[in-house]
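Chemist: Below: one structure in structure tokens.
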Amino acid sequence: MFLNKLKFNHFNTLCFAFLLFWSCNPEKPVNNVKQVSNQTEIDFSYNQKQKNLVSAHRGGSGIENYPENSIETMQYLYEKGIQIFEIDVAKTKDGQLILMHDNSLQRTSTGRQDVNQVTLNQIKEYFLVDDFKNTTTFKIPTFTEALIWGKGKPIYFMVDIKKDVDYKDLIAEIRKNQMQNQVVLVSYSTGQAKKLNRLAPEMLLSVSMRNEREFNEMINSGIPTDKMVAFTGTIRSPKELYDKIHEQNIMVIFGTLGNIDRSAKARGNTIYQELETQGVDIFATDRALEVYQTINKN
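Convert by adding 1324 to the 1-based position in the sequence shown; the result is the number in the working numbering.
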């Protein structure tokens, strides 16, 4: 993903007078600054004034006719304001990187085999299936296709690396497409985080800080804190933990996917505002649009 800061810049709007008009020349691109619809800048070190963000789990899920881990779904959500997409990268029989969460193709596509038992050419014959069992016209994308889609847009990817994927191959693909500043590599342990940081010191990492023990491990890991985004799990943590993370200028990601999303769907979305007040900066969710609308009401 990024350098210490990923900023999104915007072009100046056309300037008009009563009967005369003139256009203001766009500013030269600033490093890590890209255009966003609401003309805000995002700094991925913690800042109290920073707007809260939404990360669409599996690239967006639970949307009829829009399957998970698909470019079409990400485009749909992007047009509605979502800027962060968690994607799952798996490897085919012939060593190609694709977007797929499960070991098997069966749940989310018309394929029936395991991912590592079929070639990319075979996979490209299948169609993606949404969470409502609707077969779409969308194809399973390669990791490269996703990177190409995201390049130049004010978005970034949270990259969840499946077990068969060689870190070096994935990192090389990111660098080849010059997307180092638009990805966050997801880690689940201190050891994994240290290895990823060794291989890709220029990229941001999602690191586990679900409790004080994990917090201390990560802070003392030798990984620069300006390369960290803290994932605090899917169970609410004490506000004191969020405060400690913020004191290190690290942003907090919390997973509402699962129980909290289901509860909000049944009882209302105020829980997202409560979490915002508690200290959550980025919501990892299966209800990307609902969360985005809730936290952007004011």
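We treat Cβ as the ideally placed atom computed from N, Cα and C, and that holds for glycine.
Note that the coordinates shown come from a computational prediction; the quantities given were computed from them, not determined experimentally.
(1) Do you know how far the Cα of K1373 is from the Cα of E1396?
(2) Can you give me the C-alpha to C-alpha distance between V1360 and P1478, rounded to a whole angstrom?
(3) Does the region 1472–1487 come within contact of the region 1507–1520, defined as at least 3 CB pairs closer than 8 Å?
(4) Which of helix, strand or coil does DSSP assign to G1546?
(5) Helix, strand or coil for G1579? Go by DSSP, reduced to three states.
(6) Would L1452 pass as a contact of S1394 if the rule is Cβ separation under 8 Å?
(7) Does the Cβ-Cβ distance between N1501 and K1475 come in under 8 Å?
(8) Should F1539 be labelled buried (16 or more other beta-carbon atoms within 10 Å of its own) or exposed?
(9) Taking the alpha-carbon of F1555 as reference, which of N1445, T1580, N1544 has the nearest alpha-carbon?
(10) Determine the direct distance from the alpha carbon of L1423 to that of I1619, and round the result to whole angstroms.
(11) Are the CB atoms of D1438 and N1427 within a distance shorter than 8 Å?
(12) Does the distance from the CB of L1565 to the CB of F1578 come in under 8 Å?
(13) How would you write the range of the alpha helix (DSSP H) that Y1616 sits in, first residue to last?
(14) Could you check which residue in E1392, Q1430, L1401 has the C-alpha nearest to that of V1413?
(15) Name the two residues that bound the continuous alpha helix (DSSP H) containing T1468.
(16) What separation, rounded to the nearest whole angstrom, lies between the Cα atoms of Y1390 and M1503?
(17) Alpha carbon to alpha carbon, how far is F1607 from R1534?
(18) Tell me F1555's beta-bridge partners as DSSP assigns them.
(19) Between L1494 and L1421, which are expected to be in contact by the criterion C-beta below 8 Å, what is the C-beta distance as a whole number of angstroms?
(20) Is it buried or exposed for I1559, if we count other Cβ within 10 angstroms and need 16 for buried?
(21) Looking only at its own chain, which residues have a Cβ that is under 6 Å from the Cβ of P1353, when we skip the five neighbours before and after it?
(22) Give every residue of the same chain whose Cβ lies closer than 7 Å to the Cβ of I1406, excluding the five residues on either side of it in the sequence, and list them in chain order.
(23) Which two residues bound the contiguous beta strand (DSSP E) that contains D1567?
(24) What is the residue span of the alpha helix (DSSP H) that M1398 lies within?
(25) Along the beta strand (DSSP E) that carries E1410, what are the first and last residues, could you check?
(26) What residues match up with T1461 in a beta bridge as DSSP calls it?
(27) Given this structure, state the Cα-to-Cα distance separating R1499 from Y1596, to the nearest angstrom.
(28) Bridge partners of Y1596, per DSSP?
(29) Out of L1520, R1537, G1515, which one is the CA nearest neighbour of K1492?
(30) Whole angstroms are fine: how far does the CA of I1584 sit from the CA of E1351?
(31) Helix, strand or coil for T1443 per DSSP?
(32) Within a Cβ cutoff of 7 Å, which residues of the same chain sit near I1447, ignoring the five residues on either side of it in sequence?
Modeler: On the basis of the supplied data:
(1) Here the alpha carbon of E1396 sits roughly 32 Å from the alpha carbon of K1373.
(2) Only weak support exists for where V1360 lies, its pLDDT of 42 falling under 50; the coordinates are left without a value.
(3) yes
(4) coil
(5) strand
(6) Taking a C-beta distance under 8 Å as the contact criterion, L1452 and S1394 qualify as a contact pair.
(7) yes
(8) Buried is the call here.
(9) T1580
(10) 29 Å
(11) yes
(12) no
(13) 1612–1619
(14) E1392
(15) 1467–1474
(16) 25 Å
(17) 15 Å
(18) S1532, I1577
(19) For L1494 against L1421, the beta-carbon gap comes to about 6 Å, under 8 Å, which counts as contact.
(20) exposed
(21) Any reading at P1353 must be qualified, since the residue scores a pLDDT of 29, below 50, and its modelled position is unreliable; the value itself is stated next. There are no such residues.
(22) Same-chain partners within the cutoff: V1378, A1380, A1612, Y1616.
(23) It is not in any beta strand (DSSP E) - D1567 instead sits in the alpha helix (DSSP H) that spans 1563–1571.
(24) 1395–1402
(25) Run containing E1410: 1408–1415, per the beta strand (DSSP E) assignment.
(26) Answer by DSSP bridge pairing: none, since T1461 is not bridged.
(27) Those two C-alpha atoms are separated by around 35 Å.
(28) None, per the DSSP bridge assignment.
(29) L1520
(30) With a pLDDT of 31 at E1351, under the threshold of 50, the modelled position of this residue cannot be trusted, and the question is left open.
(31) coil
(32) T1416, I1422, G1435, I1464
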